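Numbering (my numbering), first residue to last: -6 to 58. First up is the structure itself, then whatever we jot down about it.
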Amino acid sequence: MFNFNILLQESMRLLVAEKLYPLYPTTEYRDMPINEINKCIDKFHKKNPSFPETVSDWAEREMIR
-6 MFNFNILLQE
4 SMRLLVAEKL
14 YPLYPTTEYR
24 DMPINEINKC
34 IDKFHKKNPS
44 FPETVSDWAE
54 REMIR
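Structure, rendered in structure tokens:
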């Protein structure tokens, strides 16, 4: 289970590096537009369909932070 969590976090890091960092390289998570964060989360769900559903995508948002 531990290795699976590391892989998911790495996957999210790669998505953030690909999608959010070029747009907001010096901006902190709390200052990023919510619609860009949501796009990143949607892309994560498409790449990881077995990831469990969470209320308000809290787990995905924690991985982005």
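Even glycine gets a Cβ: it sits at the ideal position worked out from N, Cα and C. What you are looking at is a predicted structure, and each value in this text was computed from that prediction instead of being measured.
Determine the burial state of residue i: buried for a count of at least 16 other Cβ atoms within 10 Å of its Cβ, exposed for fewer.
i	result
LEU13	buried
LEU8	buried
GLU55	exposed
GLU53	buried
So, does the CB of residue i fall closer than 7 Å to a CB anywhere in chain D?
i	result
ASN28	The structure shown has no chain D; it contains just one protein chain.
So, under 8 Å CB-CB, residue i and residue j are touching, yes? Tell me the CB distance rounded to an integer number of Å.
i	j	result
ILE57	ILE27	That pair is no contact at about 11 Å.
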